[in-house]
Amino acid sequence: GEGMRYRLDVGADSQEGYRHNETRRLNVTPSVAWAVTPNDQVNVYYTFSRDSFSGDSGIPMLNTDFGSPLPESVFPDVPRDRNYRTPFDFARSYDNNLQINYARQLTSSIGFRNTLSYRHFNDDYFLAEFLVVEPPSSVYREYLQFKHHRRPLMNIAEVTPRITRGIEQSIVAGWEGQRYRSRTNTTPGGG
């Protein structure tokens, strides 16, 4: 029959790990299913996700001069739950995903469906990836910084005939096209 159905899902999560590396997540997913006519159906799905991480660069190694033999222990005697990130460390991702699906029953045995989807995804990352301690109080950090943008656009069109003579068979014939754009910026402060 004709009519419209809709749904909204919202989820959020916040946690602090044992090493105080906070994680926050938000997910919002609305969807609409619309029976335009008894033979035509349109479904629209959208997902928004935001993930945020404060980072954890691990337990630092003691400076071993990188040329001399390693001492018995290269790790300082510190509590395992201590986190050495700075107030500047962060990792965030934003993901927007839209999908539109159209289906039409052309005859009692032949259908057509088309799915168009677009994703707008950004990563923004600035975290210490490597730490070295030089006793008694110096800590050296090496950072990784990047902004990554992904923009895939995809379309799938299919014809779905069903043959009922003799052995019943369902056949799918279609076409798929995709354009994938991706860019990474690793310059400090770059967009």
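For the sequence shown, the numbering used here gives the first residue as -14, with consecutive numbering after it.
The C-beta atom is built at its ideal place from N, Cα and C for all residues, glycine as well.
Note that the structure is predicted; figures quoted are calculated from it, not measured.
**Item:** Nearest candidate by alpha-carbon position, reference Ile95, set Glu1, Asn6, Asn24, Val17
**Value:** The residue with the shortest Cα to Cα distance from Ile95 is Asn24.
**Prompt:** Whose C-alpha, out of Thr171, Gly(-12), Tyr110, Arg89, is nearest the C-alpha of Ala142?
**Reply:** A check of alpha carbon separations from Ala142 across Thr171, Gly(-12), Tyr110, Arg89 identifies Arg89 as the nearest.
**Request:** Output the distance between the C-alpha atoms of Arg135 and His105, rounded to the nearest integer angstrom.
**Result:** Our two residues, Arg135 and His105, have alpha carbons roughly 6 Å apart in a direct line.
**Prompt:** Can you give the Cα-Cα distance for Gly93 and Gln154, rounded to whole angstroms?
**Reply:** Checking the displayed sequence, the identity of residue 93 turns out to be Ser instead of Gly. Roughly 14 Å separates the two Cα atoms.
**Prompt:** How would you label Gly(-12), buried or exposed, when you count the other beta carbons within 10 angstroms and need 16 or more for buried?
**Reply:** Classification for Gly(-12): exposed.
**Message:** Considering Cα atoms alone, identify which of Asn68, Gly151, Gly162 is closest to Leu138.
**Reply:** Ranking Asn68, Gly151, Gly162 by Cα distance to Leu138 puts Gly162 first.
**Request:** Compute the distance between the beta-carbons of Arg77 and Asp108, then report whether it is under 9 Å.
**Result:** Contact: yes.
**Request:** Leaving out five residues on either side along the sequence, give the residues of the same chain with a beta carbon under 7 Å from the beta carbon of Phe73.
**Result:** Closer than 7 Å at Cβ, skipping near neighbours: Phe111.
**Request:** Given a cut-off of 9 Å, decide if Phe38 and Glu7 are closer than it, judged by their beta-carbon atoms.
**Result:** With a cutoff of 9 Å on beta-carbon distance, Glu7 and Phe38 are scored as near each other.
**Asked** If you draw a straight line from the alpha carbon of Ser102 to that of Tyr31, how long is it in whole angstroms?
**Response** Using only the alpha carbons, I get a separation of about 10 Å.
**Asked** Can you give, in chain order, each stretch of the beta strand (DSSP E) that sits fully within the segment 88 to 126 and has at least 3 residues?
**Response** Within the segment 88 to 126, the complete beta strand (DSSP E) runs of at least 3 residues fall at 95 to 119.
**Request:** Using the Cα positions of Gly175 and His133, report the straight-line distance between them to the nearest angstrom.
**Result:** Caution applies to Gly175, whose pLDDT of 46 falls short of 50 and renders its modelled position unreliable; the model cannot decide the point.
**Own chain residues within Cβ distance below 6 Å of Tyr128, not counting five before or after** = For Tyr128, where only same-chain residues beyond five positions count, the Cβ hits under 6 Å are Ala113.
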